[in-house]
Every structure is written in structure tokens, then in C-alpha cells.
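Protein chains in written order, with the numbering used here: chain P, 903 to 1196; chain E, 988 to 1269. To start, the structure under review is shown below, and the notes come after it.
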């Protein structure tokens, strides 16, 4: 691990400086994570009064449960759609905004708003627009002959949470894409233009490949966001319904644990999710290391 | 700009206006709805121009709360959100600043071990380990307290990671010069490193304030008494009222108030925020 060439020497000061962070990490992170792993091997009754060692039974139950796979499927559909929608739109906006000279800052000021809006609030905003009786968006869709009702139709509910989650993420992606685009030297564009490449061709053959580090970084961040940080969007709007149509994995962990009081099952799900996050983290770290080599 | 194409420029501006509309439209509709009388909305589609109930609606939610839904006054929830957001931002920046300093500027036994213990938390959000974290907080007697709201959310290494990256870019000569002049570790930290990190601290404060303000699941779990509700979780209670259509104008007034502080901060401190976000997270 890297360090400075010149360092200080002190017997206890560095430990004292690390102590607050270490304490918070141990108490609120390592301890709960360890507890989740232990609990996933036990069956606890709903009152938490008795625990019985059941080895892998919780995991067996989980992986034999068709509704868990349904929830996984829902999560993947939701995460991939949200990521693709949010990234495509923001790349388009960033590319256009990078091209035009006047007004870029004004546009940027408006486009960064959603970053500050809470996921729950974003959910409520779109819930209102898509309200079955008074929503403007519903009204517009009705004129097009589309019957949109997130409380009845699974597809409508899914569309609602994807739009709300993607809307919230556009500004983050936009800022990173814009920074990535501005880092590409102008001479590259000029050379291509002299060789006769038009704006569209330049975008696909030059900009997109040069932007690939940013794109990859955002891909991981967006997937993590859509998989794990969108609980609020769902809880504030569809509540996993209708049926189980929008019950993504993090929503299920919460519901099985706090509503269903199935502690072992919820812990087993937490362990699965932690493994999933760890995978994303490793991918991200390898990417950071690779990027340093450039 | 490589070439001048009038048509492409116009097309670009049209597209950007569409982008702005896409972003601003939901917020505009919410604002318009928040200025209407309840009856005006129920009768049909929401109008697109503000009504005349602006002051009355906001006065109602700020002072009395939305009585029918049993939510506390918004002013109280705004105060709680503010305490939580500032607590998270200040707490996280403080502990990660000093931890990153120790990891970068000292050599001591178990340094690598401590580093990895902290950094393992880098990407694991509280949502994933929700149930056991709740149990730990309950065991510590922190339910329904500001400590319970703030401390578990601070347990993440993102800020530590960013400060470490920044400290690594600080020139070695500064430390050498300080040591030759006889400055100890604390003096170097306080008089040289801290002033150098001012921009990073400010940018991180904006990011962490918004992160803290927008917390949802965690306050939902640890608070059961109304006087600790935060505004973002309070909205959900207004929307999901039992067997009745929510009072949309009041709900939307609350929504606007809930997003106003973070949106204002981000717009006012735009330069700092953009620089901090893009440069530190890469």
C-alpha cells in the first residue's frame, strides 16, 4: 500500500486518529455484517426468544423459493432498464451540451437539480404525474390510447419506478460524461473533421471509444444505485406491487425482515446481497487500478 | 468547435431545451399543484398554471401539518432533517479526515489491517445489512435518538477514500519543510494540510449534506415518535393515507419544501459541487 516518503513518528497518535472511524465501522458495519452471517445459519422465532442452528436451511429455502427468483428477475430488469435509460439520455445531453458554445452553463444549472432531489421525493413526483385519475402524464397517454395505471398493471408500475429512478440519476451521469467529454483534446476532433468525418461519425468512432473509462465507471455506479439504493423509490410509490411486480431484492430484505419477521430468511438475503455488492466493489477496484496504468 | 453548422446548433438547443423540460417539468407540476385548492385538483387533470392558494397551503403545512394524515408540522420535520444532514456531513468529514491523515502520514503496526477494515465498507449501503444494523442500534439503546439517526449512516469509507486520494497528491516537500522547521504532526495537520483541503472539504460537505438530507429507509426504521420524523420520510406517510385520495396540494407543498434546501445548496454552490464530485470520485 502506498504511503508518503516523509512520515511522522508517533507511538499512539495514529491509533487515536483512526479510532473514531474504526469504532463506527466496527460497531455499525462489521458487527451487523457478522451478525447477518451468523443469523443466516439459524432459525429464530418471531419474538427473537429462541434460536436453532439449521445450517444451510435458510439458503436452501431461499433458493428453492420461486418468488425469490421472481424478485431477482424483477431487480435485473429494473436495474438494467434504469441504467440504460439514465446513461443513454445523459450521454446524449452531455454530447449535445459539449457541442454548443452558448448557454452550456445555463443548461447545466437546470440539469443538476435532480441530484439534490431525494429518491423518495422523485418517486412521489412521478407518482403524481402518473396518478390514474388526475395525473397529467396519464392523461397524455390516454390521448395516445394507452391505459396506464400503476396500481393495477405490473408493466405500468415497473415503468413508473424505472422512470423515477432514471430521472433522479440523469444529473450525476450528465456531470461525469460532460467532464469526460471536455477532457478529450480538440485536436482529435479537428483531425477527424479534416479527414471528412461528420459529427455523427466522429461521435461513434472517436468520442465513444475515448469515453469508455467514464462509461464503465458509470455503468458500475448506476448498477449499484439501481440494485441497492432505490428502496425509497419503491417504498414511496408502488410498495412492491401490484402483486410482486416491483418487489426488488432490497425491498424484499426489508419486507421479509420487518413485516414478515422472518429473521433467518432476511439474514440469508442480506448475505446474498453483500456478496453481490462485494462483486461490484472488486470490479470497480480492478478498474481503478487499471486506470492508473494509463 | 470544429465546424460551424447553423442547423446542428439549432437542433442542439432544441434538444437541450427538451432535456431541461424533462428535468424541470415534474417539479413545475408539483409546484403548480401546491398552489391549488384541494377541490380544484380533484375535479380533473392538474392545471399547468399556479392557483391562488400558495400562501395558505404553505402556511398550513408549515404550521399545522396535514391533520388528516396525522403527520407532525413540517417545520419540526425540516428541523430534524437539518440536524441529521449537518450531523452526517460534519461527522463523516471529521472522522474520515483524521483517519485518512493517519493512514497517509504515519507508519505504524497494523496500518494495512486498519486500512482494509475501513475500506471494506466502501460500497456497502445500509439497505443491504438493514436488519442486523437495526438490531445493533436497538441493543445500544439508540432508537429514537439523533445518535441513532446519524451514527450508522456515518459508517462508510467513501469520504476517507477521497481524502486519502487527495492527501496522496499533496507534494512531499511541504511535509519535509514543515518537519525541518520543527512542526509536529498536529501542527502540520492544522496549519498546512487543513487549509490545503478547504476546497475538498467544502465540496464534500455539499455532497454529504444532500446524502444525509435524502436518507429515507434508515429514519423510517429508527424513529417511531413523531418529533423525530424527517421530512423525506414524512412525505411517504402523506401519500399513503388509508382509503382516501391524498390531499395532493398539501402533499406537493411538503414535497417542494423537502427538496428546496438541497436544491438551493446545489445551485448556489454549483462550481464547487461539480468540481468536487467529478474530480474526487474518479
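Ideal Cβ positions, reconstructed from N, Cα and C, are used throughout, including at glycine. This one's a predicted model, so the numbers in the text were calculated from it and none came from an experiment.
Confirm, please, whether the CB-CB distance from residue j to residue i is below 7 Å.
{"i": "residue 1112(P)", "j": "residue 977(P)", "result": "no"}
{"i": "residue 1000(P)", "j": "residue 915(P)", "result": "no"}
{"i": "residue 1108(P)", "j": "residue 1085(P)", "result": "no"}
{"i": "residue 1193(E)", "j": "residue 1256(E)", "result": "yes"}
{"i": "residue 1086(E)", "j": "residue 1154(E)", "result": "no"}
{"i": "residue 1134(P)", "j": "residue 1216(E)", "result": "no"}
{"i": "residue 1118(E)", "j": "residue 1168(P)", "result": "yes"}
{"i": "residue 1078(E)", "j": "residue 1167(E)", "result": "no"}
{"i": "residue 1182(P)", "j": "residue 1126(P)", "result": "yes"}
{"i": "residue 1108(E)", "j": "residue 927(P)", "result": "yes"}
{"i": "residue 1162(P)", "j": "residue 944(P)", "result": "no"}
{"i": "residue 999(E)", "j": "residue 998(P)", "result": "yes"}
{"i": "residue 1076(E)", "j": "residue 1239(E)", "result": "no"}
{"i": "residue 981(P)", "j": "residue 1079(P)", "result": "no"}
{"i": "residue 1063(P)", "j": "residue 991(P)", "result": "no"}
{"i": "residue 1070(P)", "j": "residue 1022(P)", "result": "no"}
{"i": "residue 1208(E)", "j": "residue 1121(E)", "result": "yes"}
{"i": "residue 1205(E)", "j": "residue 1072(E)", "result": "no"}
Quick one: list the residues of chain P neighbouring residue i, beta-carbon separation under 7 Å, in chain order.
{"i": "residue 1083(E)", "result": "923"}
{"i": "residue 999(E)", "result": "998, 1001 and 1002"}
{"i": "residue 1172(E)", "result": "910, 912 and 915"}
{"i": "residue 1219(E)", "result": "1020, 1022 and 1023"}
Any idea if residue i is buried or exposed, counting beta-carbon neighbours within 10 angstroms, 16 or more meaning buried?
{"i": "residue 1049(P)", "result": "exposed"}
{"i": "residue 1065(P)", "result": "buried"}
{"i": "residue 1028(P)", "result": "buried"}
{"i": "residue 1090(E)", "result": "buried"}
{"i": "residue 1223(E)", "result": "buried"}
{"i": "residue 931(P)", "result": "buried"}
{"i": "residue 1203(P)", "result": "As shown, chain P starts at 903 and ends at 1196. That puts residue 1203(P) outside it, with no answer to give."}
{"i": "residue 993(P)", "result": "buried"}
{"i": "residue 1016(P)", "result": "buried"}
{"i": "residue 937(P)", "result": "buried"}
{"i": "residue 938(E)", "result": "The displayed coordinates of chain E run from 988 to 1269. Any statement about residue 938(E) would go beyond what the structure contains."}
{"i": "residue 1096(P)", "result": "exposed"}
{"i": "residue 1196(P)", "result": "Unreliable positioning characterises residue 1196(P) in this predicted model, as indicated by a pLDDT of 36, which lies under 50. A coordinate reading is not provided."}
{"i": "residue 1194(P)", "result": "In this prediction, residue 1194(P) scores a pLDDT of 42, lower than 50, which makes its location untrustworthy; no coordinate-derived value is stated."}
{"i": "residue 1185(P)", "result": "exposed"}
I think residue i touches residue j, with their Cβ atoms under 8 Å apart; what is that distance to the nearest whole Å?
{"i": "residue 1067(P)", "j": "residue 1008(P)", "result": "Between residue 1008(P) and residue 1067(P) the Cβ distance is about 26 Å, and since that is not below 8 Å, they are no contact."}
{"i": "residue 1249(E)", "j": "residue 1018(P)", "result": "4 Å"}
{"i": "residue 1099(E)", "j": "residue 924(P)", "result": "Their Cβ separation, rounded to whole angstroms, is 14 Å, which puts residue 1099(E) and residue 924(P) out of contact at 8 Å."}
{"i": "residue 1031(P)", "j": "residue 1013(E)", "result": "6 Å"}
{"i": "residue 1049(E)", "j": "residue 1060(E)", "result": "7 Å"}
{"i": "residue 912(P)", "j": "residue 1102(E)", "result": "Rounded, the Cβ-Cβ distance is 17 Å, inconsistent with contact."}
{"i": "residue 1176(P)", "j": "residue 1116(E)", "result": "7 Å"}
{"i": "residue 1146(E)", "j": "residue 1259(E)", "result": "At roughly 16 Å, the Cβ-Cβ gap does not stay under 8 Å, so residue 1146(E) and residue 1259(E) are not in contact."}
{"i": "residue 1243(E)", "j": "residue 1021(E)", "result": "5 Å"}
{"i": "residue 1144(P)", "j": "residue 1056(P)", "result": "6 Å"}
{"i": "residue 1149(P)", "j": "residue 973(P)", "result": "5 Å"}
{"i": "residue 1035(E)", "j": "residue 1011(E)", "result": "Between residue 1011(E) and residue 1035(E) the Cβ distance is about 13 Å, and since that is not below 8 Å, they are no contact."}
Give the interface partners of residue i over in chain E, defined as CB-CB distance under 9 Å, in chain order.
{"i": "residue 907(P)", "result": "1159, 1162 and 1163"}
{"i": "residue 1072(P)", "result": "1006, 1009 and 1010"}
{"i": "residue 1011(P)", "result": "1254 and 1257"}
{"i": "residue 1143(P)", "result": "Simply none; closest approach about 12 Å."}
{"i": "residue 1087(P)", "result": "Here the premise fails: no neighbours, minimum Cβ distance about 12 Å."}
Check the Cβ of residue i against every Cβ in chain P and list those closer than 9 Å, keeping chain order.
{"i": "residue 1239(E)", "result": "1026, 1027 and 1030"}
{"i": "residue 1149(E)", "result": "Within chain P, no residue comes near residue 1149(E); the closest Cβ sits about 13 Å away, beyond 9 Å."}
{"i": "residue 1201(E)", "result": "1018, 1019, 1020, 1021, 1022, 1023 and 1134"}
{"i": "residue 1212(E)", "result": "Near residue 1212(E) there are no residues of chain P at all, since even the closest Cβ is about 18 Å away, more than 9 Å."}
{"i": "residue 1043(E)", "result": "Here the premise fails: no neighbours, minimum Cβ distance about 20 Å."}
Determine the chain P residues that contact residue i at a beta-carbon separation under 8 Å, and present them in chain order.
{"i": "residue 1075(E)", "result": "Near residue 1075(E) there are no residues of chain P at all, since even the closest Cβ is about 12 Å away, more than 8 Å."}
{"i": "residue 1020(E)", "result": "1030"}
{"i": "residue 1245(E)", "result": "1020 and 1023"}
Please list, in chain order, the chain E residues whose beta carbon lies closer than 7 Å to that of residue i.
{"i": "residue 1175(P)", "result": "1115"}
{"i": "residue 852(P)", "result": "Any question about residue 852(P) goes unanswered here, given that chain P covers just 903 to 1196."}
{"i": "residue 934(P)", "result": "1116, 1119, 1120 and 1123"}
{"i": "residue 926(P)", "result": "1082, 1138, 1141 and 1142"}
{"i": "residue 1081(P)", "result": "1265"}
{"i": "residue 1159(P)", "result": "1117 and 1118"}
I want to verify the contact list: residues of chain E whose CB lies under 8 Å from the CB of residue i, in sequence order.
{"i": "residue 963(P)", "result": "The contacting residues do not exist; residue 963(P) stays about 16 Å from chain E at best."}
{"i": "residue 1014(P)", "result": "1253, 1254, 1257, 1260 and 1261"}
{"i": "residue 1165(P)", "result": "1118"}
{"i": "residue 1155(P)", "result": "1114, 1115, 1117 and 1118"}
Query raised in the report: Which ranges does the alpha helix (DSSP H) cover as unbroken runs of at least 4 residues, wholly within the stretch 1069 to 1134 of chain E, from first to last along the chain?
Result: List check, alpha helix (DSSP H) in window: 1098 to 1106 and 1117 to 1126.
Requested in this report: Mind listing, in chain order, the continuous alpha helix (DSSP H) runs of no fewer than 4 residues lying wholly within the stretch 1107 to 1131 of chain P?
Outcome: 1114 to 1130
Query raised in the report: If you scan the stretch 1143 to 1180 of chain E from start to end, which runs of the beta strand (DSSP E) of 3 or more residues do you find wholly inside it?
Result: none
Query - Every unbroken alpha helix (DSSP H) inside the stretch 917 to 990 of chain P [4 residues or more] - result: 933 to 941 and 959 to 965
Query raised in the report: Along the chain, which unbroken stretches of the alpha helix (DSSP H) at least 4 residues long are found entirely within the stretch 1057 to 1117 of chain P?
Result: 1088 to 1096 and 1101 to 1104
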